[in-house]
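Colleague:
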Amino acid sequence: MDFGDTPAEAAFRAEARAWLEANAPAKGSPEAFDHMSSPGRSAELEIQLADKARAWQAKLAAGGWACLDWPPEYGGRGASTVESIIFEEEQSRFGISRSIFMAALDMAAPTLMSWGTDEQKQRFLNPIRQGETVFAQLFSEPNAGSDLAGLQTRAVRDGDVFVVNGQKVWNSYAHLADWGILLARTNSDVPKHQGLTYFFVEMDSEGLDPRPLRQMTGGAEFNETFFDNVRIPVENVIGGVNNGWAVAQTTLNSERAAVGAQTSVVDVPTLVDLAQKKGQAGDPAVRQALAEAWIRSEVLRYLGMRVYTALSQGTEIGPEASIMKLLTGDHIRDTSQTAMELLGPEGMLNDDVWVTRMVSHFAHKIGGGTPEIQRNVIGERILGLPREPRADKGIPFRDLKV
Numbered sequence: 005m006d007f008g009d010t011p012a013e014a015a016f017r018a019e020a021r022a023w024l025e026a027n028a029p030a031k032g033s034p035e036a037f038d039h040m041s042s043p044g045r046s047a048e049l050e051i052q053l054a055d056k057a058r059a060w061q062a063k064l065a066a067g068g069w070a071c072l073d074w075p076p077e078y079g080g081r082g083a084s085t086v087e088s089i090i091f092e093e094e095q096s097r098f099g100i101s102r103s104i105f106m107a108a109l110d111m112a113a114p115t116l117m118s119w120g121t122d123e124q125k126q127r128f129l130n131p132i133r134q135g136e137t138v139f140a141q142l143f144s145e146p147n148a149g150s151d152l153a154g155l156q157t158r159a160v161r162d163g164d165v166f167v168v169n170g171q172k173v174w175n176s177y178a179h180l181a182d183w184g185i186l187l188a189r190t191n192s193d194v195p196k197h198q199g200l201t202y203f204f205v206e207m208d209s210e211g212l213d214p215r216p217l218r219q220m221t222g223g224a225e226f227n228e229t230f231f232d233n234v235r236i237p238v239e240n241v242i243g244g245v246n247n248g249w250a251v252a253q254t255t256l257n258s259e260r261a262a263v264g265a266q267t268s269v270v271d272v273p274t275l276v277d278l279a280q281k282k283g284q285a286g287d288p289a290v291r292q293a294l295a296e297a298w299i300r301s302e303v304l305r306y307l308g309m310r311v312y313t314a315l316s317q318g319t320e321i322g323p324e325a326s327i328m329k330l331l332t333g334d335h336i337r338d339t340s341q342t343a344m345e346l347l348g349p350e351g352m353l354n355d356d357v358w359v360t361r362m363v364s365h366f367a368h369k370i371g372g373g374t375p376e377i378q379r380n381v382i383g384e385r386i387l388g389l390p391r392e393p394r395a396d397k398g399i400p401f402r403d404l405k406v
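Numbering (the numbering used here), first residue to last: 5 to 406.
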């Protein structure tokens with residue numbers, strides 16, 4: 005398989021690079037809003053970064069570079085998978101982060117494409133593309149993380165609305181979001197996977213209260229979110245009542261692929277620059293670590309090509325996304341460890357970006373599904389190994405002790 009650019013792809017890359025050089029902020033510049041230039045982010049800084057991210061997404065849309073592989077009827081170019089990957093590669097060279105739009109672009113939009121009605125697609129996709137709508141994922145709960153289907157947030161139908169009560173947690177950017185993607189229980193008389201419904205909910209709804217959680221890194225992008233008689237219109241159900249688990253699989257697989265594809269979070273050239281700055285680039289052990297980091301980045305890039313090629317051909321992202329997610333967590337851990345070894349005692353005394361990356365790498369491993377869950381998915385759905393025994397299989401949720 006040839007991963008080099010064809011003449012047409014090389015021309016597209018040159019066009020994308022020229023546009024980005026004329027419009028995108030450089031890494032480390034005052035206009036930048038990427039992770040690598042914002043260690044120890046405060047709540048105030050995160051609001052500023054969010055505003056910059058919204059403005060950048062709007063600029064992409066105005067320039068015809070947003071959501072390239074979306075169908076033209078939804079504002080995309082209908083571009084090929086390779087062209088989309090080329091643009092993301094070029095964009096990663098600049099001071100840009102798309103993390104605040106991850107739930108919108110990489111979770112809500114693919115789910116809408118697969119499960120939404122025509123009216124829902126028309127209502128939500130264009131605002132997402134133009135940066136007008138930020139989404140938050142409202143899935144995990146204090147007692148339902150890896151066992152997501154055991155969630156207890158309830159949605160009770162009352163005429164043409166559902167009334168929601170419960171609590172969610174680890175909701176990235178929920179305090180800055182316009183909409184949330186919510187998984188709630190609508191039927192307790194069936195086994196736990198069968199009684200869930202998938203909703204879009206407005207984050208400024210009465211009774212909905214996102215509360216930022218301050219982290220050891222200084223940032224506060226995670227939230228715990230409370231629902232107190234929140235009313236959601238029936239037309240905001242995605243994929244049908246009590247079919248939420250099937251709909252959520254599209255979201256979760258897309259999330260895992262997106263997390264795995266974001267290898268620019270670990271900027272290997274920046275790691276090389278650090279080794280050179282510290283005078284360690286010639287050390288054989290350091291060179292070995294740098295080579296391994298580059299190899300893993302390339303492996304993840306090629307896995308991303310495979311996943312997104314399947315998606316562009318009409319195949320939903322499947323359990324293969326768990327491979328990318330699993331490798332990415334290890335990649336961030338190992339490169340951060342290499343950076344800390346290069347920094348030495350200095351790493352304990354300043355706010356270097358690699359210090360922030362090191363103390364937050366656990367979140368990258370856990371977010372979107374723990375390594376244990378990813379290994380179960382790979383073993384059961386790809387390798388065909390026996391499923392883990394479940395004591396709650398076939399038992400109505402109301403009879404479970406949760």
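Built from N, CA and C at the ideal position, the CB exists for glycine as well.
1. Spatial neighbours of residue 153 within its chain, please: C-beta separation below 8 Å, excluding the five flanking residues on both sides.
2. My output table needs one value for residue 100: the three-state DSSP class, helix, strand or coil.
3. For residue 353, is the classification buried or exposed, using 16 other Cβ atoms within 10 angstroms of its Cβ as the cut-off for buried?
4. Here's the rule I'm using: 16 or more other beta-carbon atoms within 10 Å means buried, otherwise exposed. How should residue 15 be labelled?
5. Any idea if residue 32 is buried or exposed, counting beta-carbon neighbours within 10 angstroms, 16 or more meaning buried?
6. Going by DSSP in three states, residue 381 sits in which element: helix, strand or coil?
7. Could you tell me whether the Cβ atoms of residue 139 and residue 159 are closer together than 8 Å?
8. Does residue 240 come out as helix, strand or coil in the three-state DSSP assignment?
9. Pick out the complete beta strand (DSSP E) segments inside the region 102-143, 3 residues or longer, and give them in chain order.
10. Does the distance from the CB of residue 203 to the CB of residue 188 come in under 8 Å?
11. Tell me whether residue 177 sits in a helix, a strand or coil according to DSSP, three-state version.
12. State the CB to CB distance for the pair residue 1 and residue 290, rounded to an integer number of angstroms; the pair is presumed to be in contact (CB under 8 Å).
13. Roughly how many whole angstroms lie between the Cα atoms of residue 384 and residue 394?
14. Quick check: what's the CA-CA separation for residue 245 versus residue 190?
15. Taking all protein chains shown into account, do 16 or more other C-beta atoms lie within 10 angstroms of the C-beta of residue 256, making it buried, or fewer, making it exposed?
16. Can you tell me where the beta strand (DSSP E) with residue 188 in it begins and where it stops?
17. According to the neighbour-count rule (16 or more other Cβ atoms, all chains shown, within 10 Å of its Cβ), is residue 391 buried or exposed?
18. Hey, out of 300, 161, 358, whose CA is closest to residue 343's CA?
19. If you follow the alpha helix (DSSP H) that residue 17 is part of, which residue opens it and which one closes it?
20. Let me know if residue 233 comes out buried or exposed under the rule of 16 or more other beta-carbons within 10 Å of its beta-carbon.
21. Starting from residue 159, follow the beta strand (DSSP E) in both directions and report where the run begins and ends.
Modeller: A quick look at the data gives this:
1. Contacts found: 196, 197, 200, 249.
2. Looking at residue 100 - three-state DSSP - the assignment turns out to be coil, as it is neither helix nor strand.
3. Label assigned to residue 353: exposed.
4. Result: exposed.
5. With fewer than 16 other Cβ atoms within 10 Å, it is exposed.
6. If DSSP states are grouped into helix, strand and coil, residue 381 belongs with the helices.
7. No, they are not a contact pair.
8. Residue 240: helix per DSSP, three-state reduction.
9. When DSSP assignments are scanned along the region 102-143, the uninterrupted stretches of beta strand (DSSP E) that are 3 or more residues long and fall wholly within it turn out to be 139-142.
10. Taking 8 Å as the Cβ cut-off, residue 203 and residue 188 qualify as a contacting pair.
11. Here residue 177 sits in coil by DSSP.
12. The displayed coordinates of the chain run from 5 to 406. Any statement about residue 1 would go beyond what the structure contains.
13. Distance between the alpha carbons of residue 384 and residue 394: 14 Å.
14. In this model, residue 245 and residue 190 are separated by some 8 Å (Cα to Cα).
15. Buried, because 16 or more other Cβ atoms sit within 10 Å of the Cβ of residue 256.
16. For residue 188, the uninterrupted beta strand (DSSP E) run begins and ends at 183-189, by DSSP.
17. Answer is exposed; the Cβ neighbour count stays below 16.
18. For residue 343, the closest alpha carbon among the candidates 300, 161, 358 is that of 358.
19. 11-27 is the extent of the alpha helix (DSSP H) around residue 17.
20. Exposed, because fewer than 16 other Cβ atoms sit within 10 Å of the Cβ of residue 233.
21. Residue 159: member of the beta strand (DSSP E) spanning 158-162, first to last residue.
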